Structures are given as structure tokens and as C-alpha cells.
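Taking the working numbering, the leading residue of the sequence shown gets 63, the next gets one more, and so forth. Worksheet: the structure to be examined is printed underneath.
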Amino acid sequence: MIPGIVAQATPGFPAPIGDGTVELLLGFNGTDGATIFREEGQRNVPVSVVGNTHISNVQAKFGSTSARFDGGDDGLIFPHHEGFDFGSGKFTVEGWFYPTSNATQMLVCSRIGDAAALVSWSVAMVNGSSRNLEFIWSDGTTATNLTGTGTAALNGWNHFALCRGTDGVVRLFLNGVLQVSLDNATAGAMWNPKRFPLALGIIPTILTADFNGFMDEVRVIKGEAVYDGSATFTPPVAPFSRPVRDSLVPSLDPDFDDVLLLLGYDSTDIYDMRDDSSYHRSATRLNVGSFINPNQPGIGYRSSQRIESSSFIIYDDSNDWFFGTDPFTVECWVRPNGSSGFRHIIGQRNGGSSPTSWVLTLLASTAELEYIASSGGTTAQQTSGANTVHSRSWNHIALARDATGVFRLFVNGVMRAKDASKTAMSIQNIAYPMTIGARAGGGNFYTGDIDEVRVTRGTCRYSTDASFYPSFKPFSRGEIGPPAVSEQPEIISRSGFFAPGDVLDLDLGVADGYEPVVQWRRGGVNVGGATGTIYTLTESDVGEVIDARVTWWNYSGTTTATAAGVGPVAAEPLFDTGGLAPAGDMQSGTDRLIPVGDMQDGTDVLLWKERTQ
């Protein structure tokens, strides 16, 4: 048995399987009742919570908690990113689900747009008490619907896996058994021209086919079929490995001097809407429904700005908002709540017959983005097209004008509109404030969340028609420096012997910004659900080295992991062996008894030494 501390510096968590990358990973670890979910994959994907979805300790496949969906408009939604574009390559979508009721259709995992007909692919449990798995795949013209014959357990854990293998065949498995398959010629490349979000348990907008039950350990891998071929397999018996995550610290912005407004909404003061640009503009908040919302993390896992009905934010009128013929970029992330009508997001407009300078608005009834820019006599006005802004999911939106005067409108990295006919137009200067959430005179109220707002004059950040993938990092704060991140945590050093029942406490202290990620390990293998700073030793730990891997981000954005631990762990608490303290003369042939006590930790070892005087 080796007493004391075992400590080492390590480069990160185990690599993903094969050549794939872990694009989404959810272990649903946390406090019972919590409604903030941490995504653990490589890209730091923001999580949108719908309804009453929450962490629950009622059921768990691994660890002590899972995600609870109550069947009443509950779900989790993840915005589109590069890792969800599978194309015609290999991929794996898998996880565990625990249904608590039967239904005609309950969605497990899907890519469905703002209408039921706009489906890329989905996996659902169907057919009432038969509880079969259904797979839908669309190429944009024809939807293929396939249903398996296996029965999922009711009030029990089931493993699902959707894979495209080396042979190009898409296969759906239930508890390791093949249910349905779709050949490469039929499947083709994955269809998703409008970059639908990925959802668990729900269709994001129409809120139907809601899942009732629990989910645990869900992951998406691009570039690898974990279960390649049609053979039956044994589902995982332990939590998935956690990958090294992308840094959340952006590069410095060479055009930071052109930034007029930069809002990250990361303060712990819910009414502190500070401007991180060099202008440090003050805002006026109208009505009480505008506040920083820590319960809906946005970009970079921090808070976002909640804007509720009849509230908005005002920035004073300034010549800074007068774009004229200059290149500019207005961009932000929005998470609309699905309301209908005309919704002002950001711009300089009074509304009605009053003048407009420039504005971005949401046409919520058709789920599309509109921009208007006006000279007073000439107007540039275009929309992104229906079902391109996804309700209850984060969307990146941008209006950019290049140095030649061309306007481009982007939604989630795709150019949806372009106007090259107004290149000579000078956007007018009007005597009204710039507002977020409603026009200056009130009305056309936006309801939902907004994050990472950036207005740049003098620089067009998107000057071509090419599509791109918006980053989930916060925008650079330029000369002000990147957002604060954690200094290296101090992992408590413990020495001595440890046994079941002993409590290990990392005592990390207060994180300076992003919180470190903790994973306890037993013999180098992750302990499911053990992601807190405190760990209580159990009988399963006997004979093993127990350590904690702590991942943190330094000021240069480098992801680093350090580990410290104890062990091997003893079977029982150790006792002092006492020992012999003989007195008097010792004659040849005399017996002596050594009171070693009861170590209960293996064979007692005695060493006799012969001493000659």
C-alpha cells in the first residue's frame, strides 16, 4: 500500500474514439432540480432549456442524476454548428433513454425545423405499448420512414445508436440490436439547408411529440461510426470519455477600434448592461423585463440578456450610429421565444411613419430575419426567407455592408439575402436613440434572449457570399483583453492512509471567471457522475488509486489539466500496530508476543533481527 499523494501534470482527457470528434456530450450531472445544463463536448455548445426540463436524482444510468423530461413541452435544444453537418461521412448519435409512458410518438433525438415537414432526421419511440424505434431521414425531397420491431423497456434504461458506417449505410440500434438500416444510395448526404438545431425530447417550435421520461449520457460523434456494421453489440457499461474542449478565449480583434458597442451580459448584477467597447456606453432600461439572465447561459457558458414583453434597452442618440456610406457590421446571438408578429431586435428606428436609419427585425410568424436601411428616400429591405431563424434555439444573425456598398444578411452563417443595387445609398442620420428589444418609441417588442451584441462601423466582417460557422466563443474584447478565465486551481494535497467513508475535498477556491471542470477517476478510469469538488470513498475504491482531473483555461486560452489523488485505498481504517516493548532479561527459549492489532488490510509482516552484543 502506498500512502500519500499521487500528483501529475497531464495534457487532457482521453482522445475521442477513432478519427471522430465529440461534437456534443451530455452527462446530466448536477444538483437535483437544476435547470442549467453543461454540454461537455469539444465545442462548448450552448444549451437551450424548454419547459421544465431539469436535472433529476430520481433515475440515473451512470452517476446519481439524469435529465428529466415530463412530456409537457419539455426539451433541450442545441444550435447548429460544423460538427452537426455529417454530409455523407461517418457519424454516431447515441445515448440512454428511460420512458415512463407509452405514446403514439415521443421524440428522443432529432433535427427538425420550425415545421414538422422540415425534417433532416429523427429518432422517436412510437406505436404505444409496442415502444418501437422509428427512424426518419430526408434528402429534402423524399422522407424515408422506417420502424424497428424491438421493444424498448418501459420504466427502464434503453440504449439507442444511430450510425453511418464505413459502407455508407445508416443504421439504428436499440440496446445493441439492429432495428433498421438505410443504404447509401437512398440516404445520400444529410439534408439541412436551413441549419436546423439538434433537439432532445421535442420539436422546438410546435412543441409536439414530447418525450416523457429520463435521458443520460448522450453524445454525437462526427467522423466515426462507433458501431460499424450490423453486428449486435453490448451497449456501454460506463460513462463516455470526456474530450479536451476548445478554448473559450478568442483571438484579439484587429478591428477593435471600429467597435461601437460590445455587450456580453456577463455581470453578476442582473441590471449591469455594461458596454465592453472602448466607448463604455451607458444604457437606459425601460420597464423591468430586461435583465441579465443567469438561468439561460448564452455564448461562452455565461449569462444572456432576457427581454420580456413591453421592455427594451436604449442607447442615446449619437453620430456614431450614422453609418452613411461606411462599411459596417451589426451582429448578435438571439434566442426568440416563438411569439408571432414583427419584433424589433436592434437598430435606430422610431417606427410607424417616423424615420428609420437601420434596423434588424424578426418576422416571428414566418421565422425569418429582416433588415431595413434607409437614406430617407431610398430603402434597402430584404428578408432571410421562412424558417431560417429557429425558435427557442440560439441563432447568430448579422447585417454587413462592404466597402463597395453591397448589403448582405446572414443567419447562422449562411447568406440569406444580398442587395448590390444600393451601393451609392447613404444611410441617414436620424435624431433617435439606438435601441435593443423595441423601436425607440416603443412597440414591436422582441421577447426572448440576446447575447454577444457587436456593432462595428468602418469594418465589414462578412464581405463575401461564402457560408461560415459562427464561433461559440465570446467576441474578442480587443485591447481590454479576453474575458477573465480561471487561474490554475490549487488542488488540495492530502497525505496518509484512506479507506471507504473518507471524504476527499479538492478545495479549489473561487474560480476567476470560467469554472474548472472536475472529473474523479478510479485507477485512471472516469467515475460516472463524480464531477463535483467532493468525493466520498466507497468499497469500489479499495485497492485503487483515486485521483481528480481538473481542467482549466489560462489567460492565453490554453486548456490544461492537472491531477492529484490518493491511494491505493485501504479496505478498512488502519490502526496503530502498537509493537513489543519488552522489559527485563530475555533468555534463549523465551516466547514474546507482539500486539500488532487488527490491520484488516492484508497480511501482517513482521521482521525479526538478530542482535549480538
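We treat Cβ as the ideally placed atom computed from N, Cα and C, and that holds for glycine. Treat the numbers as computed from the prediction; the structure is a model and nothing was measured.
By the Cβ neighbour-count rule, Thr-127 is buried, with 16 or more other Cβ atoms within 10 Å of its own.
The C-alpha of Ala-502 lies about 35 Å from the C-alpha of Phe-99. Annotation: Asp-378 to Thr-387 spans about 22 Å, alpha carbon to alpha carbon.
Contact between the segment 280-299 and the segment 140-151 is established, with three or more Cβ pairs separated by less than 8 Å.
Annotation: the continuous beta strand (DSSP E) that includes Thr-83 extends over 83-88.
A residue is called buried once 16 or more other Cβ atoms fall within 10 Å of its Cβ, and Glu-286 is buried on that count. Contact check for Val-631 and Gly-605: beta-carbon distance about 7 Å, within the 8 Å limit, so the pair qualifies. In this structure, Met-277 and Phe-385 do not form a Cβ contact; the two beta carbons are roughly 47 Å apart against a cut-off of 8 Å.
Within the same chain, Leu-323, Leu-324, Leu-325 and Arg-343 come within 7 Å of Asp-337 by CB-CB distance, once the 5 residues on both sides are set aside.
A direct Cα-to-Cα measurement between Thr-485 and Asp-229 gives close to 50 Å.
For the pair Val-170 and Phe-258, the CB atoms are not nearer than the 8 Å cut-off. In the DSSP assignment, Tyr-597 falls within the unbroken beta strand (DSSP E) covering 596-598. Separation of Asp-320 and Gly-520 (C-alpha to C-alpha, rounded to the nearest whole angstrom) is 6 Å.
Look at Asn-381 here: in three-state DSSP terms it is helix.
Counting every other CB atom within 10 Å of its CB across the protein chains shown gives Tyr-333 a total below 16, marking it as exposed. Proximity to Gly-362 across Leu-87, Glu-102, Gly-89 and Asn-106 peaks at Asn-106, based on C-alpha coordinates.
For Ala-448, the closest of Leu-425, Leu-314 and Ile-459 by C-alpha to C-alpha distance is Leu-425.
Counting only residues of its own chain and dropping the five nearest sequence neighbours on each side, Ala-215 has no CB closer than 6 Å to any other CB.
DSSP places Leu-216 in no beta strand (DSSP E); its state is neither H nor E. Around Gln-443, the same chain offers Ile-434 as residues with beta carbons nearer than 6 Å, after the five sequence neighbours per side are excluded.
Note on geometry: alpha-carbon atoms of Phe-222 and Asp-481 lie some 46 Å from one another.
The alpha-carbon separation between Gln-121 and Ala-129 amounts to approximately 9 Å. Of the candidates Ala-165, Gly-190 and Met-252, Met-252 places its Cα closest to the Cα of Val-181.
Bounds of the beta strand (DSSP E) holding Glu-514 are 510-519.
In this structure, the beta-carbon distance from Thr-595 to Val-607 does not fall below 8 Å. Annotation: the continuous beta strand (DSSP E) that includes Thr-346 extends over 346-348. For Pro-316, the number of other beta carbons within 10 angstroms of its own is below 16, and it is reported as exposed. Beta-carbon to beta-carbon, Thr-154 and Val-188 are separated by about 22 Å, too far to satisfy the 8 Å threshold. Taking C-alpha positions only, Ala-465 is separated from Ser-525 by approximately 8 Å. Here Gly-157 carries a strand assignment [DSSP, helix/strand/coil]. Approximately 20 Å separates the beta-carbon atoms of Trp-456 and Gly-351; this is outside 8 Å, ruling out the contact. Considering only Asn-506, Gly-499, Val-299 and Phe-507, the residue with the shortest C-alpha distance to Val-515 is Gly-499. Per DSSP, the beta-bridge partners of Asn-194 are Val-188.
Each residue's CA atom was taken as its position, placing Gly-133 and Gly-275 some 7 Å apart. In the structure shown, the three-state DSSP call for Gly-409 is strand. A distance below 6 Å between beta-carbons, with the five flanking residues on each side excluded, links Ile-369 to the following residues of its chain, in chain order: Ser-352, Gly-499 and Tyr-508.
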